[in-house]
Each structure stands twice: as C-alpha cells, then as structure tokens.
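All remarks here apply to the structure that follows.
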Amino acid sequence: MKVGLSSYSLIQAINAKEMDLPGAVAWIKENGGEHVEIAYDIFDQPQMAETLKKKAKDVGIDISSYTIGAGFLQANKEDFEKEVARVKKQVDIAAAMGVKLMRHDAASRPPNECVIEQFDKDLPQIVDGCGKVADYAKQFGITTSVENHGYFMQASDRIRLLVKKVNRENFRTTLDAGNFMCVDEDPIAATKNNISIASHVHFKDFYFRPAHANPGEGWFPTLHGNFLRGSIVGQGDIDIRTVLKIIKDSGYNGCLSIEFEGLEECKMGSRAGMAFVKKALAEI
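Going by the numbering used here, the final residue of the sequence shown carries number 314, and the count climbs one at a time with no gaps.
So, in structure tokens, the structure goes:
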C-alpha cells in the first residue's frame, strides 16, 4: 500500500497563497508522500490537468485519484441530466491527468432529512446518476466511487447498498474510516463492513466528546448530537492501528490518502499524519 496525501489537507496553505496546487504536489513528494490525491475542483482551469500531470512526473509521484463534489438529487429531470453531464466532464479531466480513480459525491440532505425513509425514496435517482457516470468513465479505464461523506450518504450500510444497486465493476467506494464517526458509527465495524468494496481509502482522525459535553468553538456535531474535532492522524480517538490491520488483512493493496482536518498548522499536521501511518503500517 502507498501512503500519500489528499491536497485537501493543504487547503489552508493554498488559500493563504503559501503554495499553489502544483506546488502542493511537489511538497507532498518532498515530505514523504508516495502518491497525491487531487481533491480540488479544477473544472474552470482547463490547463491545470496537464500542468498537474507534468508536475507529478517531474517530481516523481503518482496522482492516485481526482476528488470532486456532485449531487444527483435535483428538482427535475433536466437539472439531473445537467449534473450528470457536468460530472462526465470532470471524468474527462481525470482522464487528462492520467488517473484511474475518481471520487464524486452523490447526494446530500439537511441533517433532519437524513432518515432511512428519505434515503430509500431517493436511492433510485442516486443509483441512476452514479451508474451513468461509471458507464462513461469505463471507456477511460476509470473506476468511480462515492465516499461515506456528508451525513446522508455516510453510513456503511447505505454505501454497501448503493454499490450493490449501481452494480458496475468500475463503481466502488472511497472508504474514509474517520467519516463514519460523523453519523455515530464505529470506525472499526464500519471499515470491516465496507473494505471489500473499496477502491481507495482515506485516513482522517477525530477527537470525540459526548453530547452532554459540548467543548465549544472548533467542534462540530455528529448526526445524533455528539461532538467531533479534527486531529492529526494518529493523535485522535480513532484506533488507527486496528483500522489499518483490518485493511491490510482484507488484501486491499491500493492507496491510503491522509486527510488532515485539525486546528494545527496544515503542513505540520499533514507531514505528521503521513509519518504516523507509514510507521504503523510497518509495525502491524
């Protein structure tokens, strides 16, 4: 397995103009990354795909995946088809970068609408959108995926059902062990449930506090009212070593993308997270 970094981890530095996106690719290589995931929408920058491909080749690092937002729950058929067409154009960008994995969102709802009855009602439209994009991506040899992300599409059983219903060889999940905590699901059990359908794996870490102990600023609520704050991977409350062992024992041999969401300086947090996962992987 290759340990690398999602460019999302460096968004503080990118927004502060300490580095640009090609510079982030170089920084990841210089700081121990074995691959880079481009989690930055370059739809409006038509030359950026080739620029990133060249930068990655020049510094000697693989671009593992392209990660974008999307939403197939549209108000009418016309808007649904427009969104599918937009995501297909993002597949073209992934192909231009030479990547074989692409993660897109599928749907979101406000927390009060994230009940299973609403999911059951919405599922056919989500399946249709994901299937259309996967079919388009197949010509490029690209596997598309949906991450457990955003409350509505976050629980491991919902992801399993979506993958089963889409029923395409090139449609899987980007498994984020930490994200399961956002819907109050145990990361270890959820990873066991979904690792067999994963094409890509994210590692993030959180500090956890129960609903009655709101720590205040810097924390956000889970779906059911507990509280989380991003940490450096390996320093939070997730048993990362056990999650890693589950992934290793499953036979998964793809990329592991570190995602840093902590309050610490992003370059330090990203570097420390990659180092921890590399060390833990060597020890299990």
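The C-beta atom is built at its ideal place from N, Cα and C for all residues, glycine as well.
S261 places its beta carbon 7 Å or farther from that of G303. Excluding five sequence positions before and after G159, the CB atoms of its chain that fall closer than 6 Å to its own CB belong to F102, V114, given in chain order. Looking at the backbone, the Cα of G284 and that of H65 are separated by about 11 Å. Nearest neighbour of I276 by Cα position, chosen from L205, M78, V55, turns out to be L205. In chain order, T174, V196, R198, N200, F201 place their CB closer than 7 Å to the CB of A164, counting only its own chain and leaving out the 5 sequence neighbours on each side. For a cut-off of 8 Å, the C-beta gap from I68 to S37 is around 6 Å, short enough to register as a contact. Shown here for A136: same chain residues with a beta carbon closer than 8 Å to its own, the five before and five after excluded, namely A100, G101, F102, I156, G159, C160, V176, M183, L192 in chain order. Taking each of C212, A312, G299, K308 in turn and checking the Cα distance to I41, the smallest one comes out for G299.
When secondary structure is reduced to three states using DSSP, E247 falls in the coil class, being assigned neither helix nor strand. Checking the DSSP bridge columns, you'll see A228 partnered with T203. By alpha-carbon distance to D122, the top candidate from C144, K112, A79 is A79.
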